[in-house]
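Colleague: Convert by adding 296 to the 1-based position in the sequence shown; the result is the number in this note's numbering.
Glycine included, C-beta positions come from ideal geometry on N, C-alpha and C.
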Amino acid sequence: MAYRVAIVGVGPGREIDISGRTHSYGYLHADAYAEREDCTLVGCADVVAEYATGFAAEFDVPDEHVYEGHESMLAGTDPDVVSVCTPIPTHAPLTIDCARHGSVAAVHCEKPMARTWAEARAMAQVCDHEDVQLTFDHQRRFGAPFRRAKELLDEGIVGDLERIEISWGNFFDNGTHALDLAAMFNDESRAEWVMGQLDYSTEHVRYGVPTADHALVSWQYENGVHGIAATGDDVPLTGGPYDFYDCWHRLVCTEGVIEIGRLDGPLLRYRRDGEGWSELDIADETGGRVDLAIDDIVGALDSDHESELEAGNALATTEVLFAGHESSRRRGRISLPLTGVYDHPLETMIETGAISPERTDDRPAHPAERDGEAEG
Numbered sequence: 297m298a299y300r301v302a303i304v305g306v307g308p309g310r311e312i313d314i315s316g317r318t319h320s321y322g323y324l325h326a327d328a329y330a331e332r333e334d335c336t337l338v339g340c341a342d343v344v345a346e347y348a349t350g351f352a353a354e355f356d357v358p359d360e361h362v363y364e365g366h367e368s369m370l371a372g373t374d375p376d377v378v379s380v381c382t383p384i385p386t387h388a389p390l391t392i393d394c395a396r397h398g399s400v401a402a403v404h405c406e407k408p409m410a411r412t413w414a415e416a417r418a419m420a421q422v423c424d425h426e427d428v429q430l431t432f433d434h435q436r437r438f439g440a441p442f443r444r445a446k447e448l449l450d451e452g453i454v455g456d457l458e459r460i461e462i463s464w465g466n467f468f469d470n471g472t473h474a475l476d477l478a479a480m481f482n483d484e485s486r487a488e489w490v491m492g493q494l495d496y497s498t499e500h501v502r503y504g505v506p507t508a509d510h511a512l513v514s515w516q517y518e519n520g521v522h523g524i525a526a527t528g529d530d531v532p533l534t535g536g537p538y539d540f541y542d543c544w545h546r547l548v549c550t551e552g553v554i555e556i557g558r559l560d561g562p563l564l565r566y567r568r569d570g571e572g573w574s575e576l577d578i579a580d581e582t583g584g585r586v587d588l589a590i591d592d593i594v595g596a597l598d599s600d601h602e603s604e605l606e607a608g609n610a611l612a613t614t615e616v617l618f619a620g621h622e623s624s625r626r627r628g629r630i631s632l633p634l635t636g637v638y639d640h641p642l643e644t645m646i647e648t649g650a651i652s653p654e655r656t657d658d659r660p661a662h663p664a665e666r667d668g669e670a671e672g
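(1) Provide the residue span of the alpha helix (DSSP H) that contains I593, from first to last.
(2) Give the C-beta separation of R300 and V338 to the nearest angstrom, bearing in mind that I take them to be a contact with Cβ-Cβ under 8 Å.
(3) If we require 4 or more residues per run, which alpha helix (DSSP H) segments fall completely within the region 397-474?
(4) Identify the residues that DSSP records as bridge partners of M369: which are they?
(5) Among G572, R625, G628, S603, which one has its Cα closest to the Cα of R437?
(6) What residue from E622, P308, A353 has the CA that sits closest to D495's CA?
(7) Could you tell me if D569 is buried or exposed, where buried requires 16 or more neighbouring beta carbons within 10 angstroms of its beta carbon?
(8) As a quick exercise: from Y329, H545, L559, pick the residue whose alpha carbon is nearest that of D476.
(9) What is the residue span of the beta strand (DSSP E) that H522 lies within?
(10) Give every residue of the same chain whose Cβ lies closer than 8 Å to the Cβ of E499, excluding the five residues on either side of it in the sequence, and list them in chain order.
(11) Take H510 and list the residues in its own chain whose beta-carbon comes closer than 6 Å to its own, dropping the five residues that flank it on each side.
(12) Does DSSP put P389 in a helix, in a strand, or in coil?
(13) Is the beta carbon of S631 less than 8 Å from the beta carbon of W515?
(14) Name the two residues that bound the continuous beta strand (DSSP E) containing Y503.
(15) Give the C-beta separation of R310 and Y323 to the nearest angstrom, bearing in mind that I take them to be a contact with Cβ-Cβ under 8 Å.
(16) Assuming E606 is part of the alpha helix (DSSP H), what are its boundary residues?
(17) Are H325 and C381 touching if we call contact CB-CB under 8 Å?
(18) In the DSSP assignment, the alpha helix (DSSP H) including T690 goes from what residue to what residue?
(19) Pull up the distance between the alpha-carbon of E575 and that of V400, whole angstroms please.
(20) Can you tell me where the alpha helix (DSSP H) holding H640 begins and where it ends?
(21) If you follow the alpha helix (DSSP H) that G350 is part of, which residue opens it and which one closes it?
(22) Thinking just about the alpha-carbon of each residue, which of I460, M491, I392 is nearest to the one in H425?
(23) Could you please give the first and the last residue of the uninterrupted beta strand (DSSP E) stretch that includes H545?
(24) Which same chain residues, not among the five before or five after E415, have their C-beta less than 7 Å away from its C-beta?
(25) Locate the alpha helix (DSSP H) running through Y566, then write down its first and last residues.
(26) For the ligand NAP, is there any heavy atom lying closer than 7 Å to the beta carbon of D591?
(27) Would you identify the three-state DSSP class for T656, choosing helix, strand or coil?
(28) Starting from the Cα of A402, find the closest Cα among A607, P385, T614 and give me that residue.
(29) Let me know if M491 comes out buried or exposed under the rule of 16 or more other beta-carbons within 10 Å of its beta-carbon.
(30) What residues match up with V490 in a beta bridge as DSSP calls it?
(31) In this structure, does DSSP put Y329 in helix, strand or coil?
(32) What are the boundary residues of the beta strand (DSSP E) that E575 is part of?
(33) Check each candidate in Y347, I651, D334 and name the one with the smallest Cα separation from G307.
(34) Leaving out five residues on either side along the sequence, give the residues of the same chain with a beta carbon under 8 Å from the beta carbon of D639.
(35) Who are the Cβ neighbours of P641 in its own chain at under 6 Å, not counting the five residues just before and after it?
Right under this line is the structure:
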């Protein structure tokens with residue numbers, strides 16, 4: 297089957313930041329769709345007109361199908377698939393509008409899911425009601441180091457998984473990746489409870505949402521596996537915020553351990569109890585594979601298989617994110633499912649004066665954040 301594809305939020309272009317990546321994810325989505333013979337890019341929209349026209353020129357989008365607003369784009373192109381690559385606060389309203397447009401069969405949205413827990417659930421509920429496939433671009437789970445680590449777990453080389461340790465970026469924007477990967481390692485088991493504490497000494501807003509300086513969060517999955525994340529955003533992503541652990545993920549198992557993204561070592565290594573380390577020669581795909589993510593979501597439209605990036609998996613990850621923030625607000629452990637929470641707890645604590653940053657963030661913003669149209 298052939299699919300008409302449109303992209304909302306193309307961003308300023310392919311400019312890269314200190315991590316070596318572009319944050320205009322609309323371009324990466326478009327690259328992936330362009331590689332598929334069954335997908336045709338028929339329209340794009342961005343609130344900054346020059347961004348939309350620049351994107352259209354690169355991807356041969358007709359001038360008459362270049363828009364500043366998503367409503368006119370939907371009406372003018374009737375797409376089958378829409379990628380939403382805008383800042384976090386706009387994810388929910390854009391996704392819901394797309395789902396309610398008669399032609400749309402699938403929405404592929406950037407992550408994190410939404411600004412609030414209520415909005416995240418609403419996105420999933422509306423898409424389910426409209427029979428629209430909703431997926432989120434947790435593309436890192438398709439990266440070679442993470443995929444191979446999962447294979448090592450499945451092969452039982454180090455026994456059964458007992459604990460997942462994380463030290464990677466901030467707890468919300470980067471945390472959605474880290475927790476999605478943790479869920480993948482643990483066969484998509486759902487969390488049972490979450491307990492956490494956050495620090496917001498520095499006023500830091502990332503893609504339209506306040507982000508904690510530091511977080512220490514623990515949780516337990518229904519299958520008994522434990523997780524613990526010690527995160528911070530004080531150093532560039534090129535060096536990695538190794539505040540507590542010395543690798544991105546450490547998978548502690550009954551007969552050994554797997555380490556991914558070690559500070560002073562290989563991307564992937566494992567050690568069986570009583571033996572030395574085995575280092576694996578693996579492609580540096582820690583940024584993930586957007587192309588494989590797009591293949592997965594389009595492939596799910598053509599078959600009976602469900603995408604790994606489906607809304608249910610994303611909701612499970614997002615629930616842990618918001619529960620970690622809610623635990624800090626309540627100063628206690630949060631049992632799941634997360635009920636009675638509709639906001640973003642950190643945002644509300646800032647607005648009510650319950651917490652106040654001591655200083656402003658003096659780091660230069662990436663162009664995508666300055667203009668507010670794209671995200672990654």
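Modeller: The answer reads as follows:
(1) 586-597
(2) 5 Å
(3) 413-425, 440-451
(4) DSSP, once it has assigned bridges, lists no residue as partnering M369.
(5) The residue with the shortest Cα to Cα distance from R437 is S603.
(6) Nearest neighbour of D495 by Cα position, chosen from E622, P308, A353, turns out to be E622.
(7) It is exposed - the Cβ of D569 has fewer than 16 other Cβ atoms within 10 Å.
(8) H545
(9) 522-528
(10) P506, P653, R655, T656, D657
(11) Same-chain partners within the cutoff: D495, G528.
(12) helix
(13) Contact flag unset, no.
(14) Neither: Y503 is in no beta strand (DSSP E) and is coded neither H nor E.
(15) 6 Å
(16) Unbroken run through E606: none, as it is neither H nor E.
(17) yes
(18) Here the chain comprises residues numbered 297 to 672, so residue 690 is not present and cannot be evaluated.
(19) Cα to Cα, the separation comes out at about 45 Å.
(20) Segment: none, H640 is in no alpha helix (DSSP H) and carries neither H nor E.
(21) Unbroken alpha helix (DSSP H) run through G350: 345-355.
(22) I392
(23) 543-549
(24) A388
(25) That residue, Y566, is in no alpha helix (DSSP H); its beta strand (DSSP E) goes 564-568.
(26) For the structure depicted, the ligand NAP is absent and the ligand set is empty, with no information on it obtainable.
(27) Strand at T656.
(28) A607
(29) buried
(30) W515, I630
(31) helix
(32) 573-575
(33) Y347
(34) T412, W413, A414
(35) H621, E622, R625
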